[in-house]
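Below is one structure, written out as structure tokens, with a few remarks after it.
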Amino acid sequence: METNAKTKPKQSPWRLFFWALRPFWSELILAAVFVLLAAICVYLAPFVTSFTLDYVILGTDPHLPPFLIALVEKLGGRSYFAGHLVLCGGAYLLFTVLNGIFTYLRRRYIAYASEGMAKRLRDALYEHINAVPYDYHKHVSTGDLVQRCTSDVETVRKFLSVQMMDILRTVVMFLTAAVILLRIHVPMALISMVTLPFLTVSSFVYLKHVEASFRKADEAEGALSAHLQENVTGMRIVRAFGQQKAELDKFTKLNADNRDTNIRLNRLMGYYWAFSDAVGYAQIGLSLAAGILFCARGTLSLGLVTLFITYTGMLTWPVRQLGRILADMGKASISLERLTEVMTAPAETEPGKALTVDMNGEIAFSHVCFGYDAPDEVLKDISFTAKPGETVAILGSTGSGKSSLVQLLQRLYTCTKGSITIGGVNINDIDHRCLRKNIGIVLQEPFLYSRTIKENISIVRPDATQQEIEEAARLAAIHDVILSFDQGYDTIVGERGVTLSGGQLQRVAIARTLMQQAPILIFDDSMSAVDTRTDAQIRNALMGMAHKGILFIISHRITTLCEADKILVLEKGRLVQMGTHEELVKQPGLYRRIAQIQDALPKEGEIA
Amino acid sequence: MSREKDYTNEKVDPKLWKRLYGYALRSRSTFIKAMICLLFVALVDALYPLMTNYAVDHFIVPGTSKGVWVFLAAYVVLAFSQAMGTLGFITQCGKMEMNISYDIRQDGMLKLQTQSFEYYDKTAVGYIMARMVSDVGRLSEMVAWSLVDLLWSGCYAVFCMVILFIKNWKLAILVLLVLPPLAVIALLLERTILKYQREARKQNSRITGAFNEGIMGAMTTKTLVYEKQNNEEFRGITEDMRRASIKAALINAVFFPLVISLGAIGTSVALVLGGKGVLSGETAFIGAISAGTLVAFVTYAASLFDPIQQIAAIFADFQSAQASAERVLGLLDAPVAVVDKPEVTDTYGDFIHPKRENWEPIRGEVRFEHVSFYYNPQEPILEDFSLTVPAGQTIALVGETGAGKSTIVNLVCRFYEPTAGTIYIDGKDYRQRSQLWLQSSLGYVLQAHHLFSGTIADNIRYGRPEATLEEVQAAARLVHAEDFILQQSKGYDTEVGEGGNRLSTGQKQLICFARVILANPQIFVLDEATSSIDTETEQLIQQAITTVLKGRTSFVVAHRLSTIRHADRILVIQKGRILESGTHEELLALGGYYHELYHRQYREERLRSAMGEGTD
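Quick note, the sequences are listed as chains A and B, same order. Under our numbering, read the first sequence as residues 1 to 608, first letter to last. Under our numbering, read the second sequence as residues 609 to 1224, first letter to last.
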């Protein structure tokens, strides 16, 4: 993946832009060519009009390059065109239609380039999000990340397809016009463009000025939204305290504030548009007056004056927009920065030899230490072994490190000291795909994809038969529940489907993990939301499965723990007790306390 | 929670827009001013080519520059007055736009304050936010500016046509012949564009969904080693998106070339026939015309098509905003389930003008008589439920999730009304009095401890904004909240953050209790929190509850044994009916459901304290 190349911090956000654009250079160049061609046509059409007026109708100098004059003479000069005015009309139509075609082609290629680029960005982002380490996702805000992957990509796409093209078009149009006009009549050309620098500068100045107002308007809307959100979320409290009027009054104030801020902003915009409108039209008036003077002196003709006027109009509009375009460019830069931040988060790497090994061996933890942030260690000096066929139960209070312990096994985190071996091979040397495929883990809060239950269960084995899927569901004691849904196994779950209860969710996830047929299974408190009876049912089914591998179960339930071959008791990251149920109930400690409580009945007067 | 409805209505419903334009007309003077400025601007815009026409005929063709300065001055004056017009209509329109969103939002907010909880149960907060913020913004922009654009385009087009007809009606007819096909094509094309854009937007929300799922499920994906297939699937979605967007972009790109090409036919006609008119004078079909008129025709013909294109675009905008309009008006028109009868409002007032002088003091006797409640008749939540609670008693409600405990307390609060049967408060059907009368005397502490942004003092004062600081402090002291409040950097003036998220769960809960104490309610509802907090805070809260409940009618949805034990009466609710009822001792002696529940909870609580904090 390209992401590995992007581990250097502090790079220009535009690097990502050019990277995403790389496969689409040819489309981009074609688009630029069509911009140029269209611009030429845009300018040629008025030329036809001026030629018709000056040469054909009024009989003055056509102001054409020599080879065209020769062509005109060859055709029969003025009288020929006067008789065949259709030719002039046709030429005008032709250039306009060509302009249309070139414009279409420009937009076609820029659509290919920008949509292709957006796809490339989205794919890369998605892939990278899947490639970053487990820990990244524990700390990330989903909303923020989704926002980046959608709105920020959209901003960048729009920048390419709209703003960049606008800039290119403005520049090409300006240069072409300048060249043509300067060749025809230098003083007239200069006069026709005299206000343009002025307009450009004023659009910048305006933009700087109005930025603060934009921010204020955003803030006003933000305050309004925040209050509304709070009001709606807390509606029960609002009602229970009878505070509707106070809430409404506060909203009215914010609403009015939002309105007034926006009206002020709008007035500012009004000043700018009015001002630039006035300058634009004054420019045309100026060109016209200059044209009249030059015509009176005989250095310019009617057709050319019309031409100058038309060109002046064509130039003023895009220049007025320049400020806005540059503001959007700033926005694109910020979006790219946010995307670069995501893309430069380091991806997961293989620390060792990436071997594919047999995973049916003994698991050995040897002096394992682990901490998310040094120096605080979550796990300290853990050593134990588990043989194939054994069930290992883990007990510990919140924050004792039990989840971390099993996550180390799948190398979702890497231990900081000591080593974990499976069949004698250090897990750091095992390819992470091999490792994870052979260790089935059911997380505490499992996630189901929004597709059918059947697809969810068979996700890692899409070729599984219906019978196999149902078998797994039966083992997880969820088969009957699934059948009770209208659509049975084809019921869609997750975001866009049926919401399952916590216990149902956990059981579907258990079925999914069983489908993996992994030699090592981990249940990370994955039956906490399942009632005791069903819990026992699932456990019995698992035992009956004659699992030859190693089973890890994290649980608080003594009934679950007592059947294990080995029970590990963790306290503050240390392995404080290890043994069977019979051994541990004889020792003072957490295990015995829990065991006693769960067997106990309340005595009168014991609770305050 | 209902999802956002998918509106596929493509027809523009004039009734809807008429109502929205009603908002625009609320300030008639702004509307009229905007229209006047607009007409003026369109007129001036249409006059510019006439100026060129004049220049050609009076200066350029005769070859004189006499009076050119006057001409330039006139031009600049025109430009300046047009700018004033532009300024005028932009300001007025902006004002109109903001007034429309202000008014719609006010109406929406008012509606939301009276809307019943059935609505809130079924409507996601995000949905309401989107309607009230972005949809309203979009609509008022549409209503204010599209009308302006439409009028400008229409007026400009009409002015141009009038000028052309005056100059030479025959040539005008010939030039304008392309207009009808142009309008039809533009309209049809805009519709197609809209269709493709919808498709692209649909793909876009698929992508958002896929990102959301990919990110939320990333950890699971990792443990299942499902990254590769996941990436491939995602590529399929982005490819669909790419195709749909390109299609939409291409059909969009056809529009402009088509319009200018058709427009160019008009210009060519003007050039050819007009040219003949100048060259051959009276013998031409259209008669003799001057060179200036020809220039004017060429200019007008080229500029006429811009407004036509714009009009087509506006119609398409209305079509695409139709869904927003329906959603916003849907929010404003949503029926309200719990309403005070007009005769009740006459006596008791509404929430904006409560007539407190007519309010009877509340004692707190609550009686359910044959009360049923359901959303869906097939699945009744509460059936034929009767219960009498003398003033001052504490009732604990226990039972499984979904048994109907919360429904009972919500009915007491009149957040819902019974679908059958009657609830009496102090012996009178509570529908005979206003909602505010009851709810002003209600104390309510919810599982989710909702605080509002503002200071700690603001939050405690929430139910009685006029309370003095001393009263606030007394309330805080009573629930043992003062210690931690004074430890905050600014004491009572510490900002709690959005939703109170700068405070811990336990602290938030204590503030909620202080808030209730200060409001001094007669009826108290406690939907007790299950979230566990450290032992110390738990004890504080326990004391707070005891203080709060003293001498008040209270309903407690209980999870904590101590609260249950001390209740005057415990009701075990199962499937909307009372299964067991009595004091703690009576129910234990019964040896039924309560007996088992009590023992189970006892074990769980012990276990929890043994395992340290957290439910795990």
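Using N, Cα and C, we set each Cβ at its ideal position, and we do this for glycine too.
Taking residue i as part of the beta strand (DSSP E), name the residues at either end of that continuous run.
i, result
"PHE926 of chain B", "That residue, PHE926 of chain B, is in no beta strand (DSSP E); its alpha helix (DSSP H) goes 913-941."
"LEU1005 of chain B", "1002-1006"
"ASP958 of chain B", "Run containing ASP958 of chain B: none; DSSP gives neither H nor E here."
"ASP480 of chain A", "Here ASP480 of chain A belongs to no beta strand (DSSP E); instead the alpha helix (DSSP H) covers 479-484."
"ILE1178 of chain B", "1177-1182"
"TYR1052 of chain B", "1050-1053"
"ARG451 of chain A", "No beta strand (DSSP E) holds ARG451 of chain A; DSSP gives it neither H nor E."
"ALA393 of chain A", "391-396"
"GLY76 of chain A", "Element bounds for GLY76 of chain A: n/a, residue is neither H nor E."
"GLY143 of chain A", "Per DSSP, GLY143 of chain A belongs to no beta strand (DSSP E); it is in the alpha helix (DSSP H), 142-147."
"ASP490 of chain A", "Element bounds for ASP490 of chain A: n/a, residue is neither H nor E."
"GLU1188 of chain B", "1185-1190"
Between the Cα of residue i and those of the options, spot the shortest distance and give me the residue it belongs to.
i, options, result
"THR1113 of chain B", "B:LEU1059, B:ILE1153, B:GLN1081", "B:LEU1059"
"ARG713 of chain B", "A:ARG259, A:PHE51, A:ASP277, A:THR421", "A:ARG259"
"ASN1128 of chain B", "B:SER911, B:ARG1072, B:ILE1153, B:GLU1078", "B:ARG1072"
"VAL741 of chain B", "A:PHE251, A:GLU247, A:SER114, A:LEU570", "A:PHE251"
"TYR662 of chain B", "B:THR901, B:TRP967, B:GLY1000, B:THR1076", "B:THR901"
"GLY1012 of chain B", "B:VAL997, B:LEU1195, B:PRO988", "B:PRO988"
"LEU1148 of chain B", "B:ILE1031, B:ARG1085, B:PHE639", "B:ARG1085"
"CYS1021 of chain B", "A:VAL238, A:SER419, A:VAL406, A:GLY303", "A:VAL238"
"ALA861 of chain B", "A:VAL162, A:ASP328, A:GLY298, A:ALA256", "A:VAL162"
"TYR908 of chain B", "B:ILE1186, B:LEU772, B:TYR710", "B:LEU772"
"SER898 of chain B", "B:ILE1178, B:ILE916, B:ASN776", "B:ASN776"
"GLN837 of chain B", "A:ASN360, A:TYR126, A:GLN444", "A:TYR126"
"ASP535 of chain A", "A:ASP277, A:THR559, A:LYS245, A:LYS548", "A:THR559"
"LEU37 of chain A", "A:PHE365, A:GLY100, A:VAL72, A:PHE18", "A:GLY100"
"LEU395 of chain A", "A:GLY83, A:LEU405, A:SER192", "A:LEU405"
Tell me where the alpha helix (DSSP H) around residue i begins and ends.
i, result
"PHE384 of chain A", "Unbroken run through PHE384 of chain A is the beta strand (DSSP E), 379-386; no alpha helix (DSSP H)."
"PHE1060 of chain B", "Careful: PHE1060 of chain B lies outside any alpha helix (DSSP H) and carries neither H nor E."
"LEU1126 of chain B", "1113-1127"
"VAL97 of chain A", "85-131"
"VAL1165 of chain B", "VAL1165 of chain B -> not in any alpha helix (DSSP H); beta strand (DSSP E) instead, spanning 1161-1165."
"LEU651 of chain B", "636-663"
"PHE18 of chain A", "13-21"
"LEU30 of chain A", "25-51"
"ILE554 of chain A", "Unbroken run through ILE554 of chain A is the beta strand (DSSP E), 550-554; no alpha helix (DSSP H)."
Which partner residues of residue i appear in the DSSP bridge assignment?
i, result
"SER366 of chain A", "A:SER419"
"VAL425 of chain A", "A:ILE422"
"GLY440 of chain A", "A:LEU521"
"MET193 of chain A", "According to DSSP, MET193 of chain A bridges with nothing at all."
"TYR1032 of chain B", "B:ARG975, B:ASP1037"
"ARG574 of chain A", "A:GLU571"
"THR996 of chain B", "B:ARG975"
"ASP328 of chain A", "According to DSSP, ASP328 of chain A bridges with nothing at all."
"ILE1131 of chain B", "B:LEU1050, B:THR1161"
"LEU355 of chain A", "A:ILE430"
With a floor of 4 residues, list each alpha helix (DSSP H) that falls wholly inside the segment 778-846 of chain B, ordered by position along the chain. Counting only runs of 4 or more, we get 787-824, 826-832.
Under 8 Å, CB to CB, which of the residues in the segment 1010-1030 of chain B have a partner in chain A? So the close ones are CYS1021, PHE1023.
Please list the residues of the segment 76-89 of chain A that have a C-beta atom closer than 8 Å to any C-beta atom in chain B, keeping them in chain order. Taking 8 Å as the Cβ-Cβ cut-off, the segment 76-89 of chain A approaches chain B at ALA82, LEU85, VAL86, CYS88, GLY89, given in chain order.
Any C-beta of chain A within less than 7 Å: which residues of the segment 951-962 of chain B qualify? Those would be PHE959, ILE960, in chain order.
Taking a cut of 7 Å between CB atoms, which residues from the segment 262-274 of chain A lie near chain B? Within the segment 262-274 of chain A, the residues whose Cβ lies closer than 7 Å to some Cβ of chain B are ASN262, ILE263, ASN266, ARG267, MET269, GLY270, TYR271, TRP273, ALA274, listed in chain order.
Which runs of the alpha helix (DSSP H), 4 residues or longer, sit entirely within the segment 699-776 of chain B? Fully enclosed alpha helix (DSSP H) runs of 4 or longer: 725-730, 733-738, 744-749, 755-775.
At what residue ranges does the segment 196-277 of chain A contain a whole run of the alpha helix (DSSP H), taking only runs of 4 or more? Secondary structure remark: continuous alpha helix (DSSP H) runs of at least 4 residues inside the segment 196-277 of chain A, in chain order: 196-233, 235-240.
Contact residues within the segment 443-471 of chain A, judged by C-beta distance below 7 Å to chain B: Answer in chain order: LEU443, PRO446, PHE447, TYR449, SER450, ILE459, VAL460.
Name, going along the chain, the residues of the segment 642-674 of chain B whose beta-carbon falls closer than 8 Å to a beta-carbon of chain A. So the close ones are TYR656, MET659, THR660, ALA663, VAL664, PHE667, ILE668, VAL669, GLY671, THR672, SER673.
Between the segment 856-869 of chain B and chain A, which residues of the former have CB atoms less than 8 Å from a CB of the latter, in chain order? Residues of the segment 856-869 of chain B that bring their beta carbon within less than 8 Å of a beta carbon in chain A comprise ALA857, LEU858, ASN860, ALA861, VAL862, PHE864, PRO865, LEU866, ILE868, SER869, in sequence order.
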